[in-house]
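All remarks here apply to the structure that follows.
Numbering (the working numbering), first residue to last: 3 to 177.
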């Protein structure tokens, strides 16, 4: 991502599922001012750490929100230990954390609504949303896909079938 950031300096993007902002391909380009971004985290403790870690960085803003394919109410499952696994998929959190997660009902906004609300055109998206990365990608409208240049997402817990569907979806738009 750093090479892309250097070649596309100033591009605006979304980081959804930031955790506390200590890791991820997006961290260095944001910290060095190569890219601007909206950093989105749904979990209270991680969001608090994120805002502390990035409070002095001028090229980013923060949003504490749950992002889903269509918006609405969802149960957000958070691990009870130091695991990075928080998701709307309870079984995913249980599998990753090894413990029964705590659930809380949260209102979410759709990825397309989030993209549409941005003042600057969204040129890149980084997703790390524990099991729904490909679902979010598949929900992106044609209009929003047409301006994206870069998508980074996690597939470690994605079925081969869903990976293939996502791959074909992205290929039709030149990714």
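All C-beta atoms, glycine included, are put in the ideal place defined by N, C-alpha and C. Remember, predicted model here, so these are calculated numbers, not experimental data.
For residue 8, the uninterrupted alpha helix (DSSP H) segment begins and ends at 4-9. For residue 65, no alpha helix (DSSP H) run applies; the uninterrupted beta strand (DSSP E) run containing it begins and ends at 62-66, by DSSP. Counting of Cβ neighbours within 10 angstroms places residue 58 among the exposed residues, the total staying below 16. Residue range 74-80 is occupied by the beta strand (DSSP E) that includes residue 76. Within the segment 144-168, the complete alpha helix (DSSP H) runs of at least 4 residues fall at 144-147.
Selection 39, 135, 137 evaluated against residue 63 yields 39 as nearest (Cα-Cα). C-alpha of residue 160 to C-alpha of residue 28: approximately 22 Å in a straight line. Less than 8 Å divides the Cβ of residue 139 from the Cβ of residue 155. If you look at residue 21, you'll find it isn't in any alpha helix (DSSP H); DSSP assigns it neither H nor E.
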